[in-house]
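Structure record follows, encoded as structure tokens.
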Amino acid sequence: MRGAKPRDSDSRSPPLPFFSVILATRDRPALFAEALDSVLAQSFQDYEIVVVDDGSAPEHRVDYDAVLARAGERATLHRLVHRANGHGQSYSLNFGVSKASGTYIAILDDDDFWTDPGHLARAAAALEATPADLYMTNQRPYRQGVPVERPHWLGTLAPRLVAEGRKPLADGCFEVTLADLIPTEGFCHVNCLIVRRALWDSIGGMDEGIRWECDRDLYVRLIDHSTLPMLHHPAVTARHNIPDPAKTTNMTTALPMLLKRLHQLRALDKAALFGRHRMIREEARVERGYTLKKMSEELAGAGDWPAAAHYARAALGAAPTPGWLALTAWYETRSLASRLGLRR
């Protein structure tokens, strides 16, 4: 199998790796060890590992150093200065990519791991056969060690394509389009996503202002801006550990729900305003209406009727239905009653 061709035409330069595997981590050396070991177990060897430590506490330094020693010279470690809330996944991954030299970028969360030692080999063969912007697989979610047996992410995509009469390429990949991906219920999680470095750079990487579902925002912008083929292989290549809500070491559990909704709205507003393709813009507007409705219902559940009515009105404009019109009127009535009560 050929490795990546160097971008530098100087023949004296060593060949650049085909893949750069980026791992961002913070205060979780034991979980990080599982993730790193799953990378080192890959049968394909033309890759580098870039590790970004997002300001872990000093007491974890020895453990991280011991784990990284397993990778030898293949891995480089970059330690960011400590901040109380960290720099965030988006900043850390962008920093890691800036230090990478591979033709393709692969990302692995530090609390998850790859389950298929042939993942990179299969991806490399597919990308050699069909130079593509994106290579996407699937993963299996686990909640507190128990597998969740329902389709996640792109789990419904391949069965739908087969039902439509589509046939995979010889390597098992489907060549997919935006029209194939938009109707799919989920999206491709970063653990299962391999991106051509040139495409990553063209969209500016991850949005560092988004701290929740930043991977969904990245996915939407990647498929919106891709100009080369996009490949989907239905293989399950990773295990995703759904964050324990009792813990705050993961961004999913650390942020309050309403703050998460604001991050969702930022991503959806960007897609609705700046999406290159009409399908992207229209889908973002539909999702924005749904998110506004969820915010309104959550605020009503908390008894904040004025705020619930405010977001209900916004949702009504984005996604009007008779049922939502009635609920908005009810929230408005409760809001008015609460304000009159405050004035007494």
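With the working numbering, letter number 36 in the sequence shown gets 177, and the count goes up by one each step, no holes. Backbone N, C-alpha and C fix where the C-beta goes; we use that ideal spot for every residue, glycine too.
Just tell me which of the options has its CA closest to the CA of residue i.
{"i": "Val-192", "options": "Cys-355, Phe-173, Leu-403, Ser-179", "result": "Phe-173"}
{"i": "Gln-230", "options": "Glu-428, Arg-357, Gly-482, Tyr-472", "result": "Arg-357"}
{"i": "Gly-458", "options": "Asp-321, Ala-241, Gly-430, Pro-156", "result": "Gly-430"}
{"i": "Ala-225", "options": "Gly-296, Ala-198, Ser-233, Pro-397", "result": "Ala-198"}
{"i": "Leu-218", "options": "Ala-448, Val-162, Ser-479, Ala-478", "result": "Val-162"}
{"i": "Leu-466", "options": "Lys-434, Arg-380, Ala-171", "result": "Lys-434"}
{"i": "Glu-189", "options": "Val-238, Thr-469, Glu-354", "result": "Val-238"}
{"i": "Leu-440", "options": "Thr-469, Pro-300, Gly-306", "result": "Thr-469"}
{"i": "Val-208", "options": "Val-427, Ala-273, Ile-351, Ala-171", "result": "Ala-171"}
{"i": "Thr-271", "options": "Glu-354, Arg-407, Glu-428, Leu-369", "result": "Leu-369"}
{"i": "Pro-155", "options": "Ala-320, Arg-169, Asp-187, Gln-183", "result": "Asp-187"}
{"i": "Val-203", "options": "Phe-185, Glu-214, Asp-168, Asn-235", "result": "Asp-168"}
{"i": "Asp-178", "options": "Asp-257, Gly-482, Leu-409", "result": "Asp-257"}
{"i": "Gly-243", "options": "Met-347, Glu-290, Arg-338", "result": "Arg-338"}
{"i": "Ala-241", "options": "Met-347, Ala-304, His-223, Leu-157", "result": "Leu-157"}
{"i": "Gln-285", "options": "Ala-266, Asp-342, Pro-384, His-201", "result": "Pro-384"}
{"i": "Ile-255", "options": "Tyr-472, Ala-408, Gln-183, Gly-350", "result": "A quick correction: the sequence has Trp, not Ile, at residue 255. Checked all of Tyr-472, Ala-408, Gln-183, Gly-350; the closest Cα to Trp-255 is Gln-183."}
{"i": "Ala-266", "options": "Met-420, Asp-321, Ala-311", "result": "Ala-311"}
{"i": "Ile-351", "options": "Leu-409, Ala-216, Pro-324", "result": "Leu-409"}
Please work out which residues of its chain come closer than 6 angstroms, Cβ to Cβ, to residue i, disregarding the five sequence neighbours upstream and downstream, and give them in chain order.
{"i": "Phe-315", "result": "Leu-302, Pro-309, His-373"}
{"i": "Ala-264", "result": "Tyr-276, Ile-335"}
{"i": "Ser-233", "result": "Ala-165, Val-193, Asp-195"}
{"i": "Tyr-360", "result": "Phe-328, Cys-329"}
{"i": "His-260", "result": "Thr-378"}
{"i": "His-228", "result": "Asp-195, Leu-221"}
{"i": "Val-289", "result": "Pro-282"}
{"i": "Glu-175", "result": "Phe-254"}
Once the 5 residues before and after residue i are set aside, which same chain residues still bring their CB inside 8 angstroms of it?
{"i": "Trp-294", "result": "Asn-279, Gln-280, Gly-327, Phe-328, Cys-329, His-330, Cys-333"}
Could you tell me which residues DSSP puts in a beta bridge with residue i?
{"i": "Ala-165", "result": "Val-193"}
{"i": "Leu-234", "result": "Answer by DSSP bridge pairing: none, since Leu-234 is not bridged."}
{"i": "Glu-316", "result": "Leu-372"}
{"i": "Ala-379", "result": "Trp-255, Gln-280"}
{"i": "Val-287", "result": "Arg-284"}
{"i": "Asp-275", "result": "According to the sequence displayed, residue 275 carries Leu and not Asp. DSSP, once it has assigned bridges, lists Val-336, Met-371 as partnering Leu-275."}
{"i": "Arg-220", "result": "Asp-194"}
{"i": "Tyr-188", "result": "Phe-160"}
Measuring straight from C-alpha to C-alpha, what distance separates residue i and residue j?
{"i": "Asp-445", "j": "Glu-438", "result": "10 angstroms"}
{"i": "Ser-152", "j": "Tyr-245", "result": "Note on Ser-152: pLDDT 48, under 50, position unreliable in the model; no value is reported."}
{"i": "Asp-253", "j": "Val-287", "result": "14 angstroms"}
{"i": "Leu-181", "j": "Ala-212", "result": "7 angstroms"}
{"i": "Ile-364", "j": "Ala-262", "result": "23 angstroms"}
{"i": "His-418", "j": "Ala-376", "result": "28 angstroms"}
{"i": "Ser-476", "j": "Leu-399", "result": "19 angstroms"}
{"i": "Arg-460", "j": "Tyr-452", "result": "In the sequence as displayed, the identity of residue 460 is Ala instead of Arg. Straight-line Cα distance between these residues: approximately 12 angstroms."}
{"i": "Pro-380", "j": "Leu-249", "result": "For clarity, residue 380 is Arg in the given sequence; the question names Pro instead. Arg-380 and Leu-249: Cα-Cα distance of roughly 10 angstroms."}
{"i": "Ala-448", "j": "Arg-402", "result": "14 angstroms"}
{"i": "Glu-423", "j": "Arg-454", "result": "20 angstroms"}
{"i": "Thr-394", "j": "Leu-406", "result": "Because the pLDDT of Thr-394 is 44, which lies under 50, any placement of that residue in the model is unreliable, and the number read from its coordinates should be weighed accordingly. In a straight line, the C-alpha of Thr-394 is about 18 angstroms away from that of Leu-406."}
{"i": "Ala-450", "j": "Ala-443", "result": "13 angstroms"}
{"i": "Thr-432", "j": "Asp-206", "result": "42 angstroms"}
{"i": "Lys-411", "j": "Glu-305", "result": "32 angstroms"}
{"i": "Phe-236", "j": "Gly-345", "result": "12 angstroms"}
{"i": "Asn-382", "j": "His-201", "result": "22 angstroms"}
{"i": "Leu-481", "j": "Thr-474", "result": "11 angstroms"}
{"i": "Ala-425", "j": "Leu-298", "result": "20 angstroms"}
{"i": "Gly-313", "j": "Arg-307", "result": "12 angstroms"}
{"i": "Val-427", "j": "Pro-324", "result": "12 angstroms"}
{"i": "Gly-296", "j": "Glu-354", "result": "18 angstroms"}
{"i": "Phe-185", "j": "Ser-343", "result": "27 angstroms"}
What are the boundary residues of the beta strand (DSSP E) that residue i is part of?
{"i": "Val-336", "result": "334 to 337"}
Return the first residue and the last residue of the alpha helix (DSSP H) that residue i is part of.
{"i": "Ile-421", "result": "419 to 442"}
{"i": "Ile-248", "result": "Where Ile-248 is concerned, there is no enclosing alpha helix (DSSP H), although the beta strand (DSSP E) it sits in stretches over 245 to 248."}
{"i": "Glu-349", "result": "Note, Glu-349: premise wrong, no alpha helix (DSSP H); not H, not E."}
{"i": "Ile-364", "result": "355 to 366"}
For chain B, check one thing: does any of its Cβ atoms lie closer than 8 angstroms to the Cβ of residue i?
{"i": "Cys-333", "result": "Judged by its chain identifiers, the structure shown contains no chain B, having just a single protein chain."}
Residues in its own chain within less than 7 angstroms of residue i by CB, not counting five upstream and five downstream?
{"i": "Leu-268", "result": "Tyr-245, Tyr-276"}
{"i": "Trp-341", "result": "Val-238, Ile-246"}
{"i": "Leu-414", "result": "none"}
{"i": "Ala-319", "result": "Reading off the sequence, residue 319 comes out as Leu, not Ala. Result list for Leu-319: Ile-364, His-418, Met-420, in chain order."}
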